[in-house]
Structure formats: structure tokens, C-alpha cells
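Our numbering runs 1 ahead of the 1-based position in the sequence shown. C-beta: ideal position from N, C-alpha, C; glycine also. Have a look at the structure below, then the notes.
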Amino acid sequence: MSKLSFARTGIFWALTAACAAAAASSAHARKPRNPRWHKKISSPARVPRLEAESLEKSSAPRSAQEPGQGAARLSPGRWRPEVKKAVEDLVAGRGKDSSKYDAQNPPAAVVAFNDAAIVNDIGEAVFQRMVDRADFKFHDGFWREVPIAYGRQRLRAAQEIFAQTPVSTWPQQPAYHQYRKGFFQAYQDMCSKLGRLECRTWLAKLLRGYRAEEVSSYAMATMGEAFMRPVQEELVRSSPEDTAPIAIRRGLAFIPEIKELVSLLLKSGFDVWVIDANEQKQLEVVTREYGIDISRNWGIRGKLVQDKLSGEVSEPVPINGGKAVIAVTQLGRPPALVVGSSRDDQEMLFYGGGVKLLLDRGDPALRRLAEEKGWLVQPAFLPRAPVPEPAKP
Numbered sequence: 002m003s004k005l006s007f008a009r010t011g012i013f014w015a016l017t018a019a020c021a022a023a024a025a026s027s028a029h030a031r032k033p034r035n036p037r038w039h040k041k042i043s044s045p046a047r048v049p050r051l052e053a054e055s056l057e058k059s060s061a062p063r064s065a066q067e068p069g070q071g072a073a074r075l076s077p078g079r080w081r082p083e084v085k086k087a088v089e090d091l092v093a094g095r096g097k098d099s100s101k102y103d104a105q106n107p108p109a110a111v112v113a114f115n116d117a118a119i120v121n122d123i124g125e126a127v128f129q130r131m132v133d134r135a136d137f138k139f140h141d142g143f144w145r146e147v148p149i150a151y152g153r154q155r156l157r158a159a160q161e162i163f164a165q166t167p168v169s170t171w172p173q174q175p176a177y178h179q180y181r182k183g184f185f186q187a188y189q190d191m192c193s194k195l196g197r198l199e200c201r202t203w204l205a206k207l208l209r210g211y212r213a214e215e216v217s218s219y220a221m222a223t224m225g226e227a228f229m230r231p232v233q234e235e236l237v238r239s240s241p242e243d244t245a246p247i248a249i250r251r252g253l254a255f256i257p258e259i260k261e262l263v264s265l266l267l268k269s270g271f272d273v274w275v276i277d278a279n280e281q282k283q284l285e286v287v288t289r290e291y292g293i294d295i296s297r298n299w300g301i302r303g304k305l306v307q308d309k310l311s312g313e314v315s316e317p318v319p320i321n322g323g324k325a326v327i328a329v330t331q332l333g334r335p336p337a338l339v340v341g342s343s344r345d346d347q348e349m350l351f352y353g354g355g356v357k358l359l360l361d362r363g364d365p366a367l368r369r370l371a372e373e374k375g376w377l378v379q380p381a382f383l384p385r386a387p388v389p390e391p392a393k394p
């Protein structure tokens, strides 16, 4: 994998309205199954997509590929035939064209997002941008969120050195590179030694001092940049002589097959939820591209004090068993479909008797479990080269 050079500027989304947070429904309260909560903006600035190559096209219309049936179908794409058929059968049997469909109690579907609906990780992309630009709210309260064991004093000293110099000179400052590698190393070590619950909660705590609307705006800017980057690794060194660099994943890409799946479910009357370990506002920003209602997102929810994030997070946290707890309490019924891709999704995949789909990212133990339980297994969709834009006349 090639290095990524540090970039200070990027393309920002042109949006005229900010996200409005909505409280999640109780187990028995009903909300519109797929309300269109945001209005279309004339001539919107769209996020440049690094997507897989165009889905394979059939000569027949997508919504009626067999004469006389008119059944909603997925494009062939890279789906395994048995997975594609199982999903289409579910939609036919439980969707709004089925005699069993109840508009007051529509079937629910839960989709994981990181490394499932997109390539890579929303929360990590925001964290990387904040580290690169030194955009944290650096005050005593913030530094208390950095454990001493993970280099609080060293990171603070390095930050205070390069912060006194012009931004344009940061890439030449040894302290900047020490600070940058130190933060990325702390996150990776926390994930590997303490577990995903601790390290993902930590990313949310580092937003301490931000207002909710600031987090939304920052996430918008991050998405605009991250979807422009190639999906690849960057090797981060503390100095040119550093012989032990760490690798971080850069860039984001939508997965067209999952995007089409979500669209099919919504059009078929399913109540589609995203439950994932990203900060709430960050999750809301990116799932809009999938048409998912703001009230159907459940991420890591920070507690506010005087309208600012306090560094405390609300329980349950959507990691492992927390995802299942959220599904039980918020959906009010077992989901008809669960889509997951990692061990974080394991407990959620166990919940209920609906269709379970594992996007296999190469974890042998998780794949064996899926096969033992009879879950559908689909190789995870990897990014391909971006589709070139047409040449300008």
C-alpha cells in the first residue's frame, strides 16, 4: 500500500440545513416507517463516490426481471445467487405487496454500517481528520480523557510545541509527527488491549467541548474529504528514521450493493434501522445518503452539559451485546433481517428468528459460527477503481 501525503484542505458538502436530532421511539411507539425527513435541495452538491464499478445490468427492467411477476429484485452485481434469492424471497413474503403486510407494524431490518454499508469506518475517518488538523478542544478537561498510560503528558507536550508555529509548517515539525503517531497508536492499542467498547467510547469522549451541531458540520466536512480519498493504508511515522510505522485505513467508499439493498427494503415498506458504534451525529450525516430516517439511527450518544458534549456517554453503547439491547428496546419486535460484518454484530445476529446475513470479511471463527447457525454468508464487497467522470467538451 502507498503512503498518503498529509492534506490540509478538502471538499466540503454544500448543505443548507443541519441535522435535527430526534429521540428514538419507545418499544411500543410507532413512527412512519420511512419518512422523508429532509427536503431535496435544488442543485445539491453531491458527495463524490468511490463506489464499486457499475452494477451488472440485465436487459430486463430491474423491478420486473421476469415477465408477469413484477417482483422487486436486486441487481445481480456481486451477490451470491443463494443470498440474492433469500433476500428477494423475504421482500416478497414480508414486504408491502404481501398479504401478510401490516402497515402499522411493518417488518424491521437492522443494518450495520462500518465495513458493511461502507468500506472502512466513519468514526475513524472523523478521528483521523481531528488528529491531522489538531481540531480537538484542547483544554484540561480534554486532556483528562487521554489516559496517562496511553501517553497523555507526551502528547500534550508535543501538541503545545507545534501549536505555536504556523499551520503550514506543521509537516516539518518533529513534534507534530510525534503527536500524530501517538494518538493513532493510542487508539489502536486501546482497541487491541481493552476492547472495542473502550476504544470506540474513547473516540466519542474526545469530542468533549463540541456542540452537537458542530459535530454534524465536522462530520459533513470529513465525509466530503474521505470519499475523495483512495481507499488504502497510510503508514504513520514519528520521524523519517522511524522503523516501526503504524498503518491506518484512509478513505471511505459506499457499497452500491448494500445501498441498493437498503433502497429495496425501504421501497418495500420495511422499517430500516442502522445500529453501529459511531458517534450519533456522525452516523446521522452519512446514513442520509441511504435514505434512512434520522430517528432510525442509533450510535454512541454523548451526554450534553450546557449544550456541549461532556465526555460522558449514554448506555447502552452499540457494541456487541449493546447492539442487541438497542434492537430489543427500540424496535419492539425481532427484526426480519439483520446484516452484520464483524464480531461487534454477533449478539445482534443472534437476536430473533429472522434472516441473518453475514458479510464475510475473513474472520474464520465468525464464518464458522454463521455456517453452524445457518446464516447467509456473502463475501464482503470490496471497493474497485472509481468510475471515471466523463471528459469535459
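- In this chain, the alpha helix (DSSP H) harbouring Ser218 covers Ala213 to Ala227.
- As the crow flies, the alpha-carbon of Ser239 is around 18 Å from that of Val168.
- Here Gly355 is buried, its C-beta having at least 16 other C-beta atoms within 10 Å.
- Looking at the DSSP output, Val378 sits in a beta bridge with Leu359.
- For Pro380, the closest C-alpha among the options Ser99, Gly292 and Glu258 is that of Glu258.
- Take the alpha-carbon of Asp243 and the one of Gln173: they are about 15 Å apart.
- Annotated three-state conformation of Phe255 is strand, per DSSP.
- Nearest to Tyr219 by alpha-carbon distance, out of Ala245, Leu284, Ala164 and Arg250, is Leu284.
- Excluding the 5 residues flanking it on each side, Asp190 has same chain C-beta neighbours closer than 8 Å at Tyr151, in chain order.
- Unbroken beta strand (DSSP E) stretches of 3 residues or longer found wholly inside the stretch 287-341: 298-301, 303-306, 309-314 and 338-341, given in chain order.
- Leu208 sits in coil when the DSSP states are folded into three classes, being neither helix nor strand.
- Exclusion of the five residues before and after Leu156 leaves Val147, Tyr180, Gly183 and Phe184 as the residues of its chain whose Cβ lies within less than 7 Å of its Cβ.
- The C-beta separation of Leu253 from Gly292 comes to about 18 Å, leaving the pair out of contact by the 8 Å criterion.
- The three-state secondary structure of Glu242, taken from DSSP, is coil.
- Contact annotation, Leu236 with Ile320: C-beta distance approximately 28 Å; criterion of less than 8 Å not satisfied.
- Beta-carbon to beta-carbon, Val339 and Leu358 are separated by about 7 Å, close enough to satisfy the 8 Å threshold.
- The three-state secondary structure of Ala126, taken from DSSP, is helix.
- Going by DSSP, Trp274 is part of the beta strand (DSSP E) stretching over Asp272 to Glu280.
- For the pair Arg209 and Leu310, the CB atoms are nearer than the 7 Å cut-off.
- The C-beta separation of Asp277 from Phe114 comes to about 4 Å, placing the pair in contact by the 8 Å criterion.
- Residue state for Val88 is assigned as helix, using DSSP reduced to three classes.
- When beta bridges are read from the DSSP output, Glu234 appears opposite Arg250.
- For Lys85, the CB contacts under 6 Å within the same chain, skipping 5 residues up- and downstream, are Leu75 in chain order.
- By the neighbour-count criterion, in which a residue is buried when 16 or more other Cβ atoms sit within 10 angstroms of its Cβ, Ala245 is exposed.
- In the three-state scheme derived from DSSP, where H, G and I count as helix and E and B as strand, Val132 is classed as helix.
- Here Val147 carries a coil assignment [DSSP, helix/strand/coil].
- Looking from the CA of Ser100, the closest CA among Trp144, Ala222, Arg134 and Gly270 belongs to Gly270.
- Look at the beta carbons and you see the stretch 333-353 touching the stretch 100-112: at least three pairs across the two are nearer than 8 Å.
- Asp272 and Glu214 have their C-alpha atoms some 26 Å from each other.
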